[in-house]
Structure formats: structure tokens, C-alpha cells
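Undergrad: Numbering-wise (the working numbering), the sequence shown opens with residue 241 and increments by one. Each residue gets a CB set at the ideal place from its N, CA and C atoms; glycine is no exception.
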Amino acid sequence: LATGQPLDEVLREGWEALTEPEVLSIVHQLLTVFVALHEGLDRSYFDFQPRNVFWDRSRQAITVVDWNLLSAEGRADVQADLDAVIAVLFRLTTGAAPPASGVSTLSAPPRVHDRSLAIQSLLADVAAPGSPQRMSARS
241 LATGQPLDEV LREGWEALTE PEVLSIVHQL LTVFVALHEG LDRSYFDFQP
291 RNVFWDRSRQ AITVVDWNLL SAEGRADVQA DLDAVIAVLF RLTTGAAPPA
341 SGVSTLSAPP RVHDRSLAIQ SLLADVAAPG SPQRMSARS
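(1) Ordered along the chain, which non-local residues of its own chain (more than five positions away) have a Cβ less than 7 angstroms from that of A337?
(2) Please work out which residues of its chain come closer than 8 angstroms, Cβ to Cβ, to T243, disregarding the five sequence neighbours upstream and downstream, and give them in chain order.
(3) Ignore the nearest five residues each way along the sequence and tell me which others in S347's own chain have a CB closer than 6 angstroms to its CB.
(4) Please classify A301: does DSSP put it in a helix, a strand, or coil?
(5) Three Cβ pairs or more, each shorter than 8 angstroms: is that satisfied between the region 257-270 and the region 305-318?
(6) Please work out which residues of its chain come closer than 6 angstroms, Cβ to Cβ, to F288, disregarding the five sequence neighbours upstream and downstream, and give them in chain order.
What follows is the structure, given as C-alpha cells:
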């Protein structure tokens, strides 16, 4: 049983509801889940969305639920999963959904009010289509 609150509810409270360390912790934990899924099973998670990720603030931990839509074994789409995590990072740091065409289509990094230069730099890096962060996921 998942404890905490689904990320979609956290986001409805406003992106200011999370501190930067919490945002980074959530994203780090999500990436850890995906690395285990890719390296351990060579699969992708097709139903990844904020309502399937519970954030337990008291434990500073996430729980990912609803694992019924996975790719076949050996069919991991690392780029698609990375794009999904980047979209969550975008929402957690800006309070807005990324453009329908994807974060990499932004002509300029989003303006992130009340966020550190580190977060702003991270968003600019992942938004760049040729960035090392995006390219390293392609294999």
C-alpha cells in the first residue's frame, strides 16, 4: 500500500509546495526506479504519470504504483522513459506542463521564479536537444 500523496495532488497545491531538495530527491528516486527497470528487466513503464507516484514527505520517499503497463522484456525505451521523468521535473520546478511537443522544443529555458540557479541550469540542460544529459540516455 502506498503512503503519502500522489504527485498530481501535490502539483495541484502549487509547485511551491515542494522544496528544491524534495524535488531533487523525487527526481533522483524516479531515475533510480527507471535504472532498475531498464538494467534489471530491460523494460519500460508505459503508464508513468504523476498520479502513479506517491510522495511521502515524512519519509522523503516515493512509491511508484500501477505497474500493469510495461513493455515486453527486452524492449526498454530509455529515451521515452527519460522524457517522462524530464516532464515531471519540468512540472515540479515550473508548475506548468511542458509543451505538447516536448521540453526539448523550447526555444529558451523556462523562467523559474524562486528557484536556484542550479535548478534553472538543470532545466536548461535537459531542454537542450543535443545536451549530454539527453544524449547519454540514447543507446
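TA: In short:
(1) The residue you call residue 337 lines up with position 97 of the sequence shown. Answer for A337: R331, listed in chain order.
(2) By one-based count along the sequence shown, residue 243 stands at place 3. These residues qualify, in order along the chain: F294, D296, R299, T303.
(3) For this step, residue 347 is matched to residue 107 along the sequence shown. Any reading at S347 is ruled out, since the residue's pLDDT is 48, under 50, leaving its predicted position unreliable.
(4) In the sequence shown, counting from the first residue as 1, residue 301 sits at position 61. DSSP places A301 in strand when its eight states are reduced to three.
(5) no
(6) By 1-based counting over the sequence shown, the position of residue 288 is 48. Closer than 6 angstroms at Cβ, skipping near neighbours: A324.
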